[in-house]
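A.B. asks: If you count by my numbering, then the sequence shown holds residues 59 to 103, one letter each, in order.
Note that the Cβ used here is the ideal one computed from N, Cα and C, for glycine as well.
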Amino acid sequence: ENSGNMNYMVGRAILIPKNNEVEKISELIMNWLPGKVYTYYSANF
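(1) Whole angstroms is fine: what's the gap from Met-88's alpha carbon to Val-95's?
(2) For Met-67 and Glu-85, I'd like the C-alpha separation in whole angstroms.
(3) Quick one: Cα of Ala-71 to Cα of Phe-103, how far?
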């Protein structure tokens, strides 16, 4: 619905070129969120 709206996307996109930066942001967000952490795995057969 808003995927074609550049102003909408600019306010919500996080652009990071390296995985280690993504890991830092993910850790910050996970520490900020309340509750227990669950890990889900998937497989393609």
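C.D. replies: In short, the structure shows the following:
(1) 8 Å
(2) 23 Å
(3) 32 Å
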